[in-house]
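Student: Read in full-length UniProt numbering, the sequence shown has 250 at position 250, and its numbers run on one by one without any break.
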Amino acid sequence: MLQILVPTDFSNNSYNALFYAAKLFKNKKSTFRIVNVCSTKNDPKKEEAQLESAQGLDALVHRLIRDVGENLNHDYKKISLCSDLSEGIADYAKTNKVDLTVIGNKAQEEVKHILFGNNAMQLVREITHCPVLIVPLEIDFKKVDKLAFTSNYTYPIAEENSKAIIFFSELMDSVVVPMRIQENKGNDTAEKNRTQFLNAIAHKSGKEVELPIFDGKVNTILEFVDLWKIGMLCMVYYPHHFFLEFIGNGIIKELNTKLKVPFLILPNRQS
């Protein structure tokens, strides 16, 4: 049974992520661990916060079942944590051997809530053992025909990450579109990493696309996603390297406001 962690602050964006996950895994036996960080450990009103959190979680699951219907494949566990936001959720995910964490993207009117921007990215940095799926707020659930994976292949793509891409491709009955950033072309190591990855996903893969960088990497990828009608974008998170360009230095704000498809982030695992 899949273990899926969905943090919630009871905002629309976190509910949308939960709704999307429930629809995405409709036919998979899954336990949804819905976690609300309701206070800190030393909060003098901790018990009151936990009670309020438990009531909110009950209402949330009731709303979800009303919206998506009863599903015998799904089990819901409701957890109220008194801890630091990102560390508490990351520790819970690791302790409970979570297979996937699903979080909602922010919206302009929801900046007061905790699960957005830097806090969401802090979860990406700290949840290092499983993929993280970021779901845009205003997205309608629909079939993903094309799952794009982008890399410059500086590092090898771990076998476990290749398997994760194939898993999502089969789950959604979608084709994987390898999208190569035109860096390291001709570099022997990068070419070896690329070849190994393409061989690993060959039975689910479409034609590889090479992206020349004319207007910055973010704009180039966004244009590709739109032009090719990509339904989900996937990358590997490499701390302090390639992927940092997409989550640091303000660029995350651009992706948060412009990327209109779910964003699957794979952890940096050893090959």
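Here a beta-carbon is modelled for each residue, glycine too, at the ideal position from N, C-alpha and C. What you are looking at is a predicted structure, and each value in this text was computed from that prediction instead of being measured.
1) Determine the DSSP secondary structure at Ala164, reduced to helix, strand or coil.
2) Quick check on DSSP: helix, strand or coil for Val261?
3) What first and last residue would you give for the beta strand (DSSP E) that runs through Glu208?
4) Between the Cα of Leu211 and the Cα atoms of Ile4, Arg180, Val102, which residue gives the shortest distance?
5) Hey, out of Thr154, Ser86, Ala17, whose CA is closest to Leu137's CA?
6) In the structure shown, what three-state DSSP assignment does Ser169 receive?
7) Judging by CA-CA distance, which residue of Asp43, Lys29, Leu24, Val98 is the nearest neighbour of Val35?
8) Please state the DSSP three-state secondary structure of Gln3.
9) Is the Cβ-Cβ distance between Asn105 and Asn42 less than 9 Å?
10) Which ranges does the alpha helix (DSSP H) cover as unbroken runs of at least 4 residues, wholly within the UniProt domain "UspA" (3-136), from first to last along the chain?
11) Per DSSP, what kind of secondary structure is Lys146 in: helix, strand or coil?
12) What are the partner residues of Ile181, as DSSP defines its beta bridges?
13) Look at Val236 and Asn161 and say whether their C-beta atoms are less than 9 Å apart.
14) Do Val132 and Leu100 have their beta-carbon atoms positioned less than 9 Å apart in this structure?
15) Assuming Asn73 and Lys143 make a contact with CB atoms under 8 Å, what is their CB distance in whole Å?
16) Give me the DSSP bridge partner(s) of Val236.
Tutor: The structure says:
1) helix
2) coil
3) Counting along the chain, Glu208 falls outside any beta strand (DSSP E), and DSSP gives it neither H nor E.
4) Arg180
5) Ala17
6) helix
7) Val98
8) strand
9) no
10) 12-24, 46-68, 85-95, 117-126
11) strand
12) Leu211
13) yes
14) yes
15) Incorrect: roughly 19 Å between the Cβ atoms, too far for contact.
16) Leu266
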